[in-house]
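Student:
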Amino acid sequence: MEKNYLNWKKGLLSWLLTRDHKRIGLLYMITVFSFFFVGGVFALLLRLELFKVGETIMNSAFYNQIMTYHGAVMIFMVIIPGIPAFLGNFVLPLQIGAKDVAFPKINLLSWYCLIVGAGVTLLSLFLGGVDTGWTFYTPYSIETNTAVIPVVLGVFIMGFSSILTGLNFIVTIHRLRCPGMTFFRMPLFVWSLYSTAIIQVLATPVLAITLLLLVGERILDIGIFNSEKGGDPILFQHFFWFYSHPAVYIMILPAMGVISELISAFSRQKIFGYKAVVFASLGIAGVSFFVWGHHMFVSGQSEWAGIVFSFLTMLVGVPTAVKIFNWVATLFKGSLKFDTPFLYALGFLFLFLIGGVTGIMLAVLPFDVHVHDTYFVVAHFHYVMVGGTIMGIMGGFYYWFPKMFGRLYNELLGQVSFVFIFIGFNVTFFPQFILGMSGMPRRYADYISPYEPLNQVSTVGSWLIASGFVVAFFALIWAMFKGKKSSANPWGAKTLEWQTSSPPPHENFLKRPVVSKDAYE
Amino acid sequence: MSENKNLAHHFDSYEQQVRAEKLGMWLFLATEILMFGGLFVAYVIYSGEYPAIFKAGAQFLDWKKGAINTVVLLVSSWTMAMSIYYAQKDQIRKCKIMLISTLSCGFLFMVIKYIEYSHKFHEGIFPGGFFSYSGEGFVEGLPLYFSFYYLMTGLHASHVLIGMSLIAWALVRTYKKQIGSHHYMPLEYVGLFWHLVDLIWIYLFPLLYLVE
Chain A
1 MEKNYLNWKK GLLSWLLTRD HKRIGLLYMI TVFSFFFVGG VFALLLRLEL FKVGETIMNS
61 AFYNQIMTYH GAVMIFMVII PGIPAFLGNF VLPLQIGAKD VAFPKINLLS WYCLIVGAGV
121 TLLSLFLGGV DTGWTFYTPY SIETNTAVIP VVLGVFIMGF SSILTGLNFI VTIHRLRCPG
181 MTFFRMPLFV WSLYSTAIIQ VLATPVLAIT LLLLVGERIL DIGIFNSEKG GDPILFQHFF
241 WFYSHPAVYI MILPAMGVIS ELISAFSRQK IFGYKAVVFA SLGIAGVSFF VWGHHMFVSG
301 QSEWAGIVFS FLTMLVGVPT AVKIFNWVAT LFKGSLKFDT PFLYALGFLF LFLIGGVTGI
361 MLAVLPFDVH VHDTYFVVAH FHYVMVGGTI MGIMGGFYYW FPKMFGRLYN ELLGQVSFVF
421 IFIGFNVTFF PQFILGMSGM PRRYADYISP YEPLNQVSTV GSWLIASGFV VAFFALIWAM
481 FKGKKSSANP WGAKTLEWQT SSPPPHENFL KRPVVSKDAY E
Chain B
522 MSENKNLAHH FDSYEQQVRA EKLGMWLFLA TEILMFGGLF VAYVIYSGEY PAIFKAGAQF
582 LDWKKGAINT VVLLVSSWTM AMSIYYAQKD QIRKCKIMLI STLSCGFLFM VIKYIEYSHK
642 FHEGIFPGGF FSYSGEGFVE GLPLYFSFYY LMTGLHASHV LIGMSLIAWA LVRTYKKQIG
702 SHHYMPLEYV GLFWHLVDLI WIYLFPLLYL VE
């Protein structure tokens with residue numbers, strides 16, 4: 001049998017101690033999808049509780065915990081590592097013609113940081129759980145007698161994973177491009193990972209110190225976030241969102257990169273306005289550091305700060321719209337092929353547009369004051385996070401699946417599961433816009449009876465999403481082992497990773513690639 | 522040098538590897554600065570809000586000990602730099618002496634820090650909620666100042682300890698003859714980290730000890 005990265009060494013240890021970026025990518029794949037399952041089960045339980053007015057399957061204290069874990073697991077263990085660490089690890093070195101990332105051992109270490117951090121976080125489930133919400137706002141996170149410390153320390157450790165991955169990618173992109181691969185010949189996915197990595201490296205350390213200070217509050221009662229001691233709880237929110245808003249772009253930028261690849265490959269067109277998309281990615285990364293205050297419009301920051309943050313937030317719409325227009329322009333007169341990855345790309349365009357436009361609405365101060373902390377906000381960020389990032393992960397996974405495993409997935413099952421997920425997603429979250437507009441507050445375990453019908457629609461939608469993922473899961477597992485053999489380039493795509501065999505050999509390319517043309521020519 | 526055993530398999534040349542490692546190291550230093558940056562920002566906010574507390578707090582610190590520690594770290598940065606110089610010249614014995622001096626300076630710094638801390642603990646000056654001092658010079662809100670003092674110097678001291686472990690590791694490699702003009706990069710990276718630790722202290726010293 002032909003030697004490739006999957007079979008060149010055997011045994012569990014050869015995986016757990018691997019320094020091959022492709023194998024580490026697959027380790028992340030298993031991790032991320034496992035946590036996606038855990039976070040998804042929490043989500044289904046939440047929706048089930050909200051199916052009817054009154055207590056349905058859990059009391060409100062338990063609901064608060066499940067809500068916290070749903071958020072923390074999905075954000076820190078699924079969406080943040082999802083595209084960069086899983087798809088990025090696998091694809092980035094291939095796309096720039098490198099043998100590996102710059103620091104393979106650190107790459108493995110960052111996976112262990114994620115595992116240990118996630119383990120410590122989930123350990124808290126057995127120490128009484130935590131009920132602060134994933135944002136750990138003070139003063140409640142100081143006062144609650146639930147297990148805040150392990151969760152916060154776990155997130156701290158997972159932060160290292162994110163920093164190390166980002167650092168690795170920046171150095172890899174700067175130093176390991178193959179001959180002829182100039183910066184402006186790099187595929188757009190690489191550019192999006194680069195922009196993401198900048199945020200990972202610069203923002204995550206601020207989260208680290210914030211979380212350390214929170215641990216200090218709980219153990220030593222240091223008082224920096226405690227107004228009784230002269231401190232300021234709002235400072236926690238500033239610190240937290242200084243990381244966590246850029247982190248939103250850690251979540252969405254790589255998904256945009258995936259979409260660029262998919263749109264180009266399945267319309268058989270060069271990306272329209274390549275450089276504009278590049279600078280849009282960098283622009284989003286840059287602006288992302290100056291918009292955190294829009295989480296705090298009603299938290300007591302000054303009106304002037306509110307107005308400035310409102311304006312800066314709307315600015316994000318500009319580079320984002322540039323990307324959307326360029327993608328649509330790329331599709332124009334292309335010969336489209338409606339394979340599963342492309343369906344996800346179209347799903348992204350549709351859902352992310354709704355998520356993005358409602359984001360601009362929320363940036364408008366008076367409107368935000370009106371719907372702040374309602375389901376309108378919940379619907380908005382699910383349209384961005386799920387409609388954007390999860391569509392990106394799934395689309396990218398189907399797209400690179402033949403490269404990863406050398407096998408083809410079942411097209412019909414792929415499309416069926418997409419339809420379930422796409423329709424289910426809209427059924428779940430569109431009603432939440434209406435609920436939010438009519439005033440239903442978020443985070444509560446219960447609601448008043450006028451909100452019941454739409455909540456029931458939303459819960460039914462969550463079952464549709466779950467069914468879609470179950471179909472996708474079994475179809476993909478089956479395809480991994482029994483799928484039809486894939487050629488090196490089943491999509492006829494132009495980027496470098498399709499030039500090597502599927503699956504690629506241990507060091508990616510048998511002959512060092514030399515590039516003499518643009519990414520999508 | 523083409524058959525350098527220090528060259529990892531995925532690089533084309535030793536030079537490419539060094540350029541990658543240097544960039545990685547500088548990015549790592551940037552993350553450190555941003556992490557300490559959070560504390561410095563909080564310090565600026567609160568010292569602006571409560572100048573009297575921060576002034577009163579600084580009176581409790583012995584600026585002479587702080588100054589000695591500043592000198593100790595500055596000297597250690599010089600010996601660190603010299604160790605790299607001697608490694609480049611293949612004067613390994615001098616290189617080792619310089620590394621051992623750096624390590625001793627780090628140790629001396631920690632001893633002085635220990636004396637300062639234990640003196641404070643003895644008087645009941647603990648961080649935050651454990652603060653129990655109420656004698657001369659006490660002002661309302663003083664615990665907040667000492668929260669900053671212990672957090673900033675504590676986080677810095679933990680970096681001194683990490684730096685010392687790295688220097689010890691580099692020293693072992695020097696004894697094993699793995700460091701020399703053919704391969705002195707590990708010393709460079711340890712040195713960069715050590716200079717950062719030094720630099721942070723140079724900001725901490727006036728902010729905490731010399732407030733007027």
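Sequence lines, in order, name chains A and B.
Under the numbering used here, the first residue of the first sequence carries the number 1, and numbering increases by one thereafter.
Under the numbering used here, the first residue of the second sequence carries the number 522, and numbering increases by one thereafter.
Quick reminder that beta carbons are idealized off the backbone N, C-alpha and C, glycines included.
Fair warning: this is a prediction, and the values are worked out from it, not measured in the lab.
In terms of DSSP beta bridges, what is proline 441/A paired with?
Tutor: Note: proline 441/A sits in a beta bridge opposite Thr374/A.
Student: Comparing the CB of methionine 58/A with every heavy atom of the ligand HEM, is any distance shorter than 6 Å?
Tutor: Of ligands this structure carries none, so the ligand HEM is not represented either.
Student: Go through its chain and collect everything with a Cβ distance to glycine 645/B's Cβ below 6 Å, but skip five positions before and after it.
Tutor: Here the set comprises Ser653 and Tyr654.
Student: My output table needs one value for glycine 558/B: the three-state DSSP class, helix, strand or coil.
Tutor: Note: glycine 558/B maps to helix in three-state DSSP.
Student: Of all the CB atoms in chain B, is at least one closer than 7 Å to the CB of proline 205/A?
Tutor: Answer yes: the Cβ-Cβ gap between proline 205/A and chain B drops below 7 Å somewhere.
Student: Does the structure place the region 111-131 of chain A close enough to the region 140-150 of chain A that three or more beta carbon pairs sit under 8 Å?
Tutor: Cβ pair count under 8 Å is three or more, so yes.
Student: Can you check DSSP and say which residues form a bridge with lysine 484/A?
Tutor: For lysine 484/A, which the question treats as bridged, DSSP gives the partners Leu408/A.
Student: Go to serine 147/A, then tell me how far its alpha helix (DSSP H) extends in each direction, as first and last residue.
Tutor: Residue identity differs from the one stated: residue 147/A is alanine in this sequence, not serine. No alpha helix (DSSP H) holds alanine 147/A; DSSP gives it neither H nor E.
Student: May I have the straight-line CA-CA distance separating serine 310/A from phenylalanine 557/B, to the nearest angstrom?
Tutor: Spanning the two alpha carbons is a distance of roughly 28 Å.
Student: Is it right to say tryptophan 491/A is buried, meaning 16 or more other beta carbons lie within 10 angstroms of its own, or is it exposed?
Tutor: Buried is the call here.
Student: Would you mind telling me which residues of chain B sit closer than 8 Å to histidine 174/A, beta carbon to beta carbon, in chain order?
Tutor: Those are Ala541 and Leu544, listed as they occur along chain B.
Student: Given that isoleucine 209/A touches chain B, what residues does it touch there, using C-beta distances under 7 Å?
Tutor: Those within 7 Å of isoleucine 209/A in chain B are Met556, Gly559 and Leu560.
Student: Can you find a C-beta in chain A that's less than 7 Å from the C-beta of proline 707/B?
Tutor: Chain A, which has no Cβ nearer than 7 Å to the Cβ of proline 707/B, makes this no.
Student: Tyrosine 724/B lies in the alpha helix (DSSP H); which residues open and close that run?
Tutor: Counting along the chain, the alpha helix (DSSP H) containing tyrosine 724/B begins and ends at 706-730.
Student: Between the beta-carbon of threonine 374/A and the beta-carbon of glycine 436/A, is there less than 7 Å?
Tutor: Yes, Cβ-Cβ distance for threonine 374/A and glycine 436/A is below 7 Å.
Student: Does the count of Cβ pairs from the region 624-632 of chain B and the region 593-603 of chain B closer than 8 Å reach three?
Tutor: Touching, yes, given that three or more Cβ pairs across the two stretches are closer than 8 Å.
Student: Contact criterion: CB-CB distance below 7 Å. Does threonine 552/B meet it with respect to chain A?
Tutor: Yes, threonine 552/B lies at the interface with chain A (some Cβ there is under 7 Å from its Cβ).
Student: To the nearest angstrom, how far is it from the Cα of histidine 640/B to the Cα of tyrosine 710/B?
Tutor: For histidine 640/B and tyrosine 710/B, the distance between alpha carbons rounds to 35 Å.
Student: On the CB-based measure, 16 or more other CB atoms within 10 Å of its CB, does proline 450/A come out buried or exposed?
Tutor: Answer is exposed; the Cβ neighbour count stays below 16.
Student: Would you mind reading off the limits of the alpha helix (DSSP H) that contains proline 572/B?
Tutor: Where proline 572/B is concerned, the enclosing alpha helix (DSSP H) stretches over 572-580.
Student: If contact is defined by three or more beta carbon pairs under 8 Å, each pair taking one atom from either stretch, is the region 528-548 of chain B in contact with the region 180-191 of chain A?
Tutor: No, the region 180-191 of chain A is not in contact with the region 528-548 of chain B.
Student: In chain B, what lies closer than 7 Å to phenylalanine 103/A by C-beta?
Tutor: Neighbours of phenylalanine 103/A on chain B, chain order: Gly545.
Student: What in chain B is Cβ-close to lysine 3/A, meaning under 9 Å?
Tutor: Here the premise fails: no neighbours, minimum Cβ distance about 16 Å.
Student: Sort Leu528/B, Gly578/B and Gly545/B by Cα distance to glycine 656/B and report the nearest one.
Tutor: The residue with the shortest Cα to Cα distance from glycine 656/B is Gly578/B.
Student: CB-CB under 7 Å to leucine 193/A, same chain, minus the five flanking residues each way: which ones, in chain order?
Tutor: Answer for leucine 193/A: Pro84, Gly88, Leu92, Phe169, Pro254 and Gly257, listed in chain order.
Student: Taking 7 Å as the CB-CB cut-off, is histidine 531/B touching chain A?
Tutor: So, interface residue.
Student: Give the residues of chain A in contact with tyrosine 571/B, contact being defined as C-beta atoms less than 8 Å apart.
Tutor: Simply Gly230.
Student: Just to confirm my understanding: we take threonine 18/A, look at its own chain, exclude 5 residues before and 5 after, and list those with CB closer than 6 Å. What are they?
Tutor: Answer for threonine 18/A: no residue qualifies.
Student: Helix, strand or coil for glycine 649/B per DSSP?
Tutor: In the structure shown, glycine 649/B sits in a helix (DSSP, three-state: H, G or I).
Student: Which bits of chain B does alanine 247/A rub up against, with CB to CB less than 8 Å?
Tutor: Per Cβ cutoff of 8 Å: no residues; alanine 247/A is ~14 Å from chain B at best.
Student: Does arginine 512/A pass the burial test, meaning 16 or more other C-beta atoms within 10 Å, or should it be called exposed?
Tutor: By the 10 Å Cβ count, arginine 512/A comes out exposed.
Student: Could you check if leucine 46/A is buried or exposed, using at least 16 other CB atoms within 10 Å of its CB as the buried criterion?
Tutor: Classification of leucine 46/A: buried, given that the 10 Å Cβ count is 16 or more.
Student: Under 7 Å, Cβ to Cβ, is there at least one residue of chain A near alanine 563/B?
Tutor: At least one chain A Cβ lies under 7 Å of alanine 563/B.
Student: Answer with yes or no whether the minimum CB distance from leucine 713/B to chain A is below 7 Å.
Tutor: Cβ-Cβ to chain A under 7 Å: no for leucine 713/B.
Student: Take serine 702/B and list the residues in its own chain whose beta-carbon comes closer than 8 Å to its own, dropping the five residues that flank it on each side.
Tutor: Closer than 8 Å at the Cβ level, and outside the excluded window around serine 702/B, lie Ala608, Gln609, Lys610 and Asp611.
Student: For glycine 701/B, which three-state DSSP category applies?
Tutor: Here glycine 701/B sits in strand by DSSP.
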